[in-house]
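Read the structure below first, then the notes.
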Amino acid sequence: MKALTLISAFLGGAIVGLGSALLFAPEKGEDVRARICKILKKKGIKISESEVDALVAELAGTQE
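Our numbering runs 1 ahead of the 1-based position in the sequence shown.
Rendered as structure tokens:
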């Protein structure tokens, strides 16, 4: 009976961990860039996707 409790606790922890990882995982870079473009366009700033890519690379310190 004790082994069953241990297995149940392990599986419960794994499920909670998986749920947390899905909730707090960062978005894909493509989605973030699209969101940046959308926010800037709402502010009246015209910017192309290539300019956003360059800006992201500059901020990340990995200029191409």
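Using N, Cα and C, we set each Cβ at its ideal position, and we do this for glycine too.
Note that the coordinates shown come from a computational prediction; the quantities given were computed from them, not determined experimentally.
field: Contacting residues, own chain, Cβ-Cβ under 7 Å from A61 (five flanking each side not counted)
entry: Working through the sequence shown from its first residue, we reach residue 61 at position 60. No residues qualify anywhere along the chain.
- prompt: Taking C-alpha atoms, which residue in F11, R34 and P27 lies nearest to S51?
  reply: In the sequence shown, counting from the first residue as 1, residue 51 sits at position 50. Comparing Cα positions, the closest option is R34.
Delimiting residues of the alpha helix (DSSP H) encompassing K44: Residue 44 sits at position 43 when you count from the first residue of the sequence shown. Run containing K44: none; DSSP gives neither H nor E here.
Cα-Cα separation, V53 to F25: To locate residue 53, count along the sequence shown from 1; it is residue 52. To locate residue 25, count along the sequence shown from 1; it is residue 24. So the alpha carbons of these two residues sit roughly 24 Å apart.
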